[in-house]
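**Student:**
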Amino acid sequence: MTDGAAKLSQIYNKPLAAYFKKFTSRDSKKFISSAQWMTEKKGGSDVRASTETIAKKENATWRLYGEKWFTSAITASVAFTLARIEGKDGLSLFFLETKNKNGKWNNLEICRLKNKLGTNALPTAEIKLKGSIAHVIGEYGNGIKKITPLLNITRLHNSITACSLGKHLHSLSKSFAQQRLSFGKKLIDHPLHKQSLDEAALNNENNFYLTMYAVYLLGLEENKRSTKEQSQILRLLTPVCKLYTAKKNMLVASELLESFGGFGYIEDTGIPRIFRDSQVLSIWEGTANILSLDTLKALNKDQSFQAFVKEVHNILNFVKNKNKEKEKILKKLDQLTTIVNKLSSQSLEESQLISKKIAFFIAEIIIESFRLRF
84 MTDGAAKLSQ IYNKPLAAYF KKFTSRDSKK FISSAQWMTE KKGGSDVRAS TETIAKKENA
144 TWRLYGEKWF TSAITASVAF TLARIEGKDG LSLFFLETKN KNGKWNNLEI CRLKNKLGTN
204 ALPTAEIKLK GSIAHVIGEY GNGIKKITPL LNITRLHNSI TACSLGKHLH SLSKSFAQQR
264 LSFGKKLIDH PLHKQSLDEA ALNNENNFYL TMYAVYLLGL EENKRSTKEQ SQILRLLTPV
324 CKLYTAKKNM LVASELLESF GGFGYIEDTG IPRIFRDSQV LSIWEGTANI LSLDTLKALN
384 KDQSFQAFVK EVHNILNFVK NKNKEKEKIL KKLDQLTTIV NKLSSQSLEE SQLISKKIAF
444 FIAEIIIESF RLRF
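Just add 83 to wherever you are in the sequence shown, counting from 1, and you've got our numbering.
1) Where does residue 148 fall in DSSP's three states?
2) Quick check: residue 167 and residue 210, are their CB atoms within less than 8 Å of each other?
3) What did DSSP end up calling residue 396 once you bin it into helix, strand or coil?
4) Measure how close the beta-carbons of residue 438 and residue 375 come, nearest whole angstrom, since I'm counting them as under 8 Å.
5) Since residue 253 is in the alpha helix (DSSP H), which residue starts that stretch and which ends it?
6) Residues in its own chain within less than 7 Å of residue 171 by CB, not counting five upstream and five downstream?
7) My output table needs one value for residue 173: the three-state DSSP class, helix, strand or coil.
8) Apart from the five residues on each side of it in sequence, which residues of its chain come closer than 8 Å, Cβ to Cβ, to residue 328?
9) Please look up how many angstroms separate the CB atoms of residue 105 and residue 113, rounded, as I've assumed it's under 8 Å.
10) Use the C-beta contact count for residue 424: other C-beta atoms within 10 angstroms, 16 or more gives buried, fewer gives exposed.
11) Using a Cβ-Cβ cut-off of 7 Å (strictly less than) and excluding sequence neighbours within five positions of residue 416, which residues of its own chain qualify?
12) Measuring only the C-alpha atoms, how far is residue 215 from residue 436?
13) What does the Cβ neighbour count give for residue 418, buried or exposed, with the cut at 16 atoms within 10 Å?
14) Which stretch, first to last residue, makes up the alpha helix (DSSP H) that contains residue 85?
15) Would you mind sorting residue 238 into buried or exposed? The rule is 16 or more other CB atoms within 10 Å of its CB.
16) Is the beta carbon of residue 286 less than 8 Å from the beta carbon of residue 331?
17) From this set, 165, 174, 121, 263, which residue's C-alpha is nearest residue 152's C-alpha?
18) So who's on the other strand from residue 179, going by DSSP bridges?
19) Of the residues 315, 131, 89, which one's Cα is nearest the Cα of residue 233?
20) DSSP state of residue 214, grouped into three classes?
21) Hey, residue 304 and residue 317 are a contact pair by Cβ (cut 8 Å); roughly how many whole angstroms apart?
22) Could you check whether the region 246 to 261 touches the region 346 to 358, counting it as contact only if at least three pairs of C-beta atoms, one from each stretch, sit closer than 8 Å?
23) Return the CA-CA distance between residue 432 and residue 277, expressed in angstroms with no decimal places.
24) If you run the structure through DSSP and keep just helix, strand and coil, what is residue 222?
25) Grab the span of the beta strand (DSSP E) containing residue 108 for me, first residue to last.
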């Protein structure tokens, strides 16, 4: 979230100029972390409808009143949040420091820490804002759109975490298999067990290909080197990447926990903790269903799918020979194109029902293209 906050501080440079260096500092004495507080008691992904926090201007100072039901990184120095300004439509984006200059809480109360399934190293709390001093970012309203750049950065971090957790668990499982004796030989020497490990490794590699391509596109955009088409592909791939890697990582985590047998089910090994931590990746920053709908929005906007199709052809043009494999990918691309072209004639409900299938289709095609090239 701090990396995403740095992104926001670049976009809204005037009110946040002093914070960019703090968000990106390598000096522990200067570095500060950031949180984003969006979820309220009603919860859910419909933030526009569920947000009840009110912003009031009192003596030229903005103050926030409300409850944030699920606030990750409560130890952060600053936070971005959404609130309703009385008399104004929509939600506005606000920035606040969690403590005042005296080191006391900025008119907020920590009600309790959440008892979560996993990620217990990250303190998550329920808080009340009781006139917390804040600063409005940009014009009033449209706060969800303003905070989206932060969310997109955290979505890619989510994908990177999926890659790292999957790789970590695979390394542990492989090491275990190289030492564990079963039926007179090591586990790694049993063909079926080795096949299971290889399949998990393949899923990890696929996640890595997809994630690093999205990160590459982000790097181009942040350095103002991306083409219009590359920016369109990034918009399309960001929700796809987060959705796909989180889902695949859960399959990997489950399979690899099983590979330890009973040891994988014992808390002392640490394996159950990794498994539980993996589960949150499909929930943070949008569930698979929400991200599928976001993919649908990207497809309906400008020419993102056309840019994607062109990019797949560009990647495959680097591949010499392997004609059968290329034809297989192009056939899948044609199938996807047919599905996408039908969206305009379908009802909203029909489009939504097929959106997750489309997202997985997009991920698989780009992964297979890169695997063939490299």
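All C-beta atoms in this analysis are idealised placements derived from N, C-alpha and C, irrespective of residue type, glycine included.
**Tutor:** Let me spell this out:
1) Strand at residue 148.
2) Taking 8 Å as the Cβ cut-off, residue 167 and residue 210 do not qualify as a contacting pair.
3) Here residue 396 sits in helix by DSSP.
4) Distance from residue 438 to residue 375 at the Cβ level is roughly 4 Å; contact confirmed, criterion being Cβ atoms closer than 8 Å.
5) Residues 226 to 262.
6) So the list reads 223, 224, once near-sequence residues are dropped.
7) Collapsing the DSSP output to three states places residue 173 in coil.
8) Non-local C-beta neighbours of residue 328 in its own chain, meaning closer than 8 Å and more than five positions away in sequence, comprise 241, 242, 245, 246, 290, 293, 294, 364, ordered along the chain.
9) Under the criterion of beta carbons closer than 8 Å, residue 105 and residue 113 qualify as touching, at roughly 6 Å.
10) Around the beta carbon of residue 424, fewer than 16 other beta carbons sit within 10 angstroms, so the residue counts as exposed.
11) Sequence-distant Cβ neighbours of residue 416 in its own chain, meaning closer than 7 Å and more than five residues away, are 392, 395, 448.
12) Residue 215 and residue 436 have their C-alpha atoms spaced approximately 42 Å apart.
13) Exposed, since its Cβ has fewer than 16 Cβ neighbours within 10 Å.
14) Start and end: 85 to 94.
15) With 16 or more Cβ atoms within 10 Å of its Cβ, residue 238 is classed as buried.
16) With respect to the 8 Å criterion, residue 286 and residue 331 are classified as neighbours on the basis of their beta carbons.
17) Of the listed residues, the one whose Cα sits closest to residue 152 is 121.
18) Looking at the DSSP assignment, residue 179 forms a beta bridge with 162.
19) Residue 233 has its Cα closest to that of 89, out of 315, 131, 89.
20) Residue 214 sits in a strand when the DSSP states are folded into three classes.
21) Yes, residue 304 and residue 317 are in contact; Cβ-Cβ is about 6 Å, under 8 Å.
22) Enough Cβ pairs lie closer than 8 Å, so yes.
23) Going by the C-alpha atoms only, they are around 43 Å apart.
24) In the structure shown, residue 222 sits in coil (DSSP, three-state: anything other than H, G, I, E or B).
25) It is not in any beta strand (DSSP E) - residue 108 carries neither H nor E in the DSSP assignment.
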